[in-house]
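A quick write-up on the structure given underneath.
Residue numbers (our numbering): 16 to 218.
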């Protein structure tokens, strides 16, 4: 007897189960696009703003790096000096002191120009000083005139390398004191000074 209140459910075993609808992979993209169009989102403006921001950021970083490199280069000071014999001229002596003007070749080994404001050396009666108030020295070499004075009462000039101090102004406006040496051994100018001292004393 079948209970009318709880009817039995008959299942047809010969009928295949119903298939679920296959989701459309592009449906979500279309829905998103339709929503963007409905909201009137300026897609091109967003992309353009992103590109402009990226370019501006890259330019700022590049500019900062160049400024850093320039600042670092301005702090580099490397210089060497050599006194030339062939240009020694204009000497005089009073028997107490002998002096002459000679050319000092300076070599700027740094990447930027520098300004040589002073050249000084002093040892055992021998003195160097620059004749001009300032000389600009680009990367490479330049010859500047120096005034050499020697006390004749000291006898012969030492052939040891002479320490030379230079006051340098760099491209960033900073003042730096730089030391180098000038070779004396084998040079002719000490002999010239010695001869001037003896000649005046004998006269």
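A virtual CB, placed ideally from N, CA and C, is assigned to each residue, including glycine. Note that this is a predicted model, so its numbers are computed, not measured.
Residue 178 burial status per 10 Å Cβ neighbour count (16 or more: buried): One-based indexing of the chain shown puts residue 178 at position 163. Classification for residue 178: exposed.
Start and end residues, beta strand (DSSP E) containing residue 136: Taking the chain shown and counting its residues from 1, the one referred to as residue 136 is at position 121. Element bounds for residue 136: 129-138.
Rounded straight-line distance, which links the Cα of residue 161 to that of residue 120: Here residue 120 is taken as the residue at index 105 of the chain shown, counted from 1. Here residue 161 is taken as the residue at index 146 of the chain shown, counted from 1. Answer to the nearest angstrom: the Cα atoms are 10 Å apart.
Enclosing beta strand (DSSP E) for residue 183 [first to last residue]: Within the chain shown, the letter at position 168 stands for residue 183. Segment 177-184, the beta strand (DSSP E) holding residue 183.
Residues of its chain near residue 154, where Cβ-Cβ distance is below 8 Å and the 5 sequence neighbours each way are ignored: For the purposes of this step, residue 154 is taken as the residue at position 139 of the chain shown. Excluding positions up to five away in sequence, the list reads 123, 124, 125, 126, 127 and 128.
Close beta carbons around residue 164, own chain, < 7 Å, minus the five adjacent residues each side: Taking the chain shown and counting its residues from 1, one reaches residue 164 at position 149. Answer for residue 164: 112, 114 and 142, listed in chain order.
Contacting residues, own chain, Cβ-Cβ under 7 Å from residue 144 (five flanking each side not counted): Start at 1 with the first residue of the chain shown, and residue 144 comes out as number 129. Same-chain partners within the cutoff: 134, 135, 161 and 162.
Beta-carbon proximity check, residue 106 vs residue 211, cutoff 7 Å: Taking the first residue of the chain shown as 1, we reach residue 106 at position 91. Taking the first residue of the chain shown as 1, we reach residue 211 at position 196. A contact, by the Cβ cut-off of 7 Å.
For residue 98 and residue 173, believed in contact at Cβ under 8 Å, the rounded distance: Walking along the chain shown from the start, residue 173 turns up at place 158. Walking along the chain shown from the start, residue 98 turns up at place 83. In fact, because the Cβ distance is near 14 Å, the residues do not count as touching under 8 Å.
Alpha-carbon to alpha-carbon, residue 190 and residue 213: Position 198 of the chain shown, counted from the first residue, corresponds to residue 213. Position 175 of the chain shown, counted from the first residue, corresponds to residue 190. Approximately 41 Å, taken between the alpha carbons.
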